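The numbering of the sequence shown is the numbering used here, which starts it at 205 and goes up by one. Notes follow once the structure below has been shown.
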Amino acid sequence: MSGWEVPLSDVRLPPEAIAAARDTLAGGWLSQGPQVEGFEEEFAALAGTRHAVACASGTGALELAIGALELGPGDEVVMPSLTFVAAANAVRLAGALPVFADVRGADDLTLDPDALAGAIGPATRAVIPMDYGGYPCDPEVYAVAAEAGLAVVEDAAHAVGAHNTHGACGSFGDAGCFSFFANKNLPLGEGGMLTTDDDRVAATARSARSHGMTAGTWERRSRTHAAYDVSRPGRNLRLDEPRAAMGRVLLAGLEEANAARRSALERYRRELASVPGLSMPFARRPPGERPAAHLAVVLVDDVRRRDPLADALAQRGVQTSVHYRPVHSFTAYRGAPAVVPKTDDLAARLLTLPLFPHITTAQVDAVCGALATELSA
Ligand SMILES: *Cc1c(COP(=O)(O)O)cnc(C)c1O
Numbered sequence: 205m206s207g208w209e210v211p212l213s214d215v216r217l218p219p220e221a222i223a224a225a226r227d228t229l230a231g232g233w234l235s236q237g238p239q240v241e242g243f244e245e246e247f248a249a250l251a252g253t254r255h256a257v258a259c260a261s262g263t264g265a266l267e268l269a270i271g272a273l274e275l276g277p278g279d280e281v282v283m284p285s286l287t288f289v290a291a292a293n294a295v296r297l298a299g300a301l302p303v304f305a306d307v308r309g310a311d312d313l314t315l316d317p318d319a320l321a322g323a324i325g326p327a328t329r330a331v332i333p334m335d336y337g338g339y340p341c342d343p344e345v346y347a348v349a350a351e352a353g354l355a356v357v358e359d360a361a362h363a364v365g366a367h368n369t370h371g372a373c374g375s376f377g378d379a380g381c382f383s384f385f386a387n388k389n390l391p392l393g394e395g396g397m398l399t400t401d402d403d404r405v406a407a408t409a410r411s412a413r414s415h416g417m418t419a420g421t422w423e424r425r426s427r428t429h430a431a432y433d434v435s436r437p438g439r440n441l442r443l444d445e446p447r448a449a450m451g452r453v454l455l456a457g458l459e460e461a462n463a464a465r466r467s468a469l470e471r472y473r474r475e476l477a478s479v480p481g482l483s484m485p486f487a488r489r490p491p492g493e494r495p496a497a498h499l500a501v502v503l504v505d506d507v508r509r510r511d512p513l514a515d516a517l518a519q520r521g522v523q524t525s526v527h528y529r530p531v532h533s534f535t536a537y538r539g540a541p542a543v544v545p546k547t548d549d550l551a552a553r554l555l556t557l558p559l560f561p562h563i564t565t566a567q568v569d570a571v572c573g574a575l576a577t578e579l580s581a
């Protein structure tokens, strides 16, 4: 449907998910209701947190977390520059200042705990690490944050279902933020989830996602909640019932989908091990880790070959991408504090290959074959 022989990502919703969405449409209750509540309970069980708060997007979850932690003007928030722009935007729109710190290196594209420590100043209030590609970030980040008394918002947009021996992604900070955007591991088109063990963060996020109201439309259907108050100004960041119903079905199949992603990623690793001129990050991982395998990323040795390689793959019907152009390089973030030499080097050499649960071994082999041909030319 995409026109690519091997698209970067591909959504194939199971018939049960479509049926579940259709049932809510036929039932007539479309906005946040019992399906959202059920999705939240099941998601909290997956993340191992006391609470899960569904919302309209991953960016919305970040905004709710930043609001609940009361980050604002005068506050600095440390984050990697090698991430999607959403976290930086949410910080800036709250009136706080993003401070960009470097990643660990070629084998681990997550925030470097030493770089975090080096970026902490008197105005630093929080850190937003990101579980790049569905690999849990270095646990040392949380130790450095705790030592410095920083709030932590874990950007787990890539990491639904990922865990290590310390627990599940989304449970490591004061709040975890997930995305259900169409190209993520649990695709709903749009949607997000905030996870937390903190009762106050959960209550504030619940209220802030729905205008700051003390009771929603669903609760007010019963006579006991007919009235509501507005405790503080809020937004409308609610998730709706059809998406929540699909989310519950996809959640039930998540482990299987992530396992399929992991096995395709392992095949990439095996096939590309003998290809000259590139490497794959995240080769050495701690025992007991289960990544979500959100992205298949390679690092091209020669920076001049990255873009021509992407063009050559496109010629052969293979869609690629780059995760990410560093945030500090965007016009809106020019001049922001950023000590990120490794990020500058790595980002210019990264290339993301196709990966989705139903990618075939023939497709993976075709991508690897194309890379081998191009790089030995
Ligand atoms: C996708 C993504 C987001 C934003 O999620 P949306 O649901 O698209 O708003 C935030 N952070 C990262 C790292 C992402 O990949």
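The beta-carbon is built from N, C-alpha and C at its ideal position, and this holds for glycine as well. Bear in mind that the values here come from a model prediction, so they are computed numbers and not experimental data.
Contact set for residue i: own chain, Cβ-Cβ below 6 Å, skip 5 residues either direction
i	result
HIS532	SER285, PHE304, ALA540, ALA542
GLY271	ALA412
THR399	ALA251, THR253, ALA256, GLY374, GLY380
GLY481	ASP505, LEU579
TYR432	MET417, THR418, ALA419
PHE560	SER213, ASP214
Inter-residue CB distance, residue i and residue j (contact presumed, cutoff 8 Å)
i	j	result
ALA448	ALA265	Not really, about 14 Å apart at Cβ, beyond 8 Å.
PRO485	LEU313	5 Å
PRO437	TYR339	Rounded, the Cβ-Cβ distance is 37 Å, inconsistent with contact.
ASP311	ARG488	6 Å
ALA260	LEU441	5 Å
DSSP bridge partner residues for residue i (one or two, in chain order)
i	result
PRO302	VAL281
LEU503	SER483, LEU554
CYS381	ASP359, LEU398
MET450	Its beta-bridge partners do not exist; DSSP assigns none.
ASP312	GLY309
GLY573	GLY573 is not bridged to any residue.
CYS259	GLY396
Cutoff 8 Å; reference residue i; Cβ partners in own chain excluding five residues on either side
i	result
GLY393	PHE384, PHE385, ALA386, ARG447
HIS562	ASP214, ARG216, ALA464
GLY242	ALA448, ARG452
Same chain only: Cβ atoms within 7 Å of residue i, ignoring 5 sequence neighbours per side
i	result
GLY237	TRP422, GLU445
THR287	MET334, ASP359, TYR528, VAL531
ARG329	LEU275, ASP279, GLU280, VAL281, LEU354, ALA355
Span separating the alpha-carbon of residue i from that of residue j
i	j	result
ALA463	GLY299	40 Å
ILE332	TYR528	16 Å
ALA319	THR524	30 Å
VAL215	PRO326	45 Å
GLY309	SER483	12 Å
ARG538	ALA581	38 Å
GLY492	LEU275	34 Å
PRO317	GLU344	6 Å
ARG439	GLY416	7 Å
GLY231	ALA269	32 Å
VAL210	PRO558	7 Å
ALA552	ARG508	9 Å
ARG425	GLN239	15 Å
ASN368	ALA430	44 Å
LEU443	THR263	13 Å
LEU469	SER435	48 Å
ALA536	LEU297	12 Å
LEU554	PRO512	13 Å
GLY573	GLN567	10 Å
GLU460	PRO277	44 Å
ASN389	ALA518	24 Å
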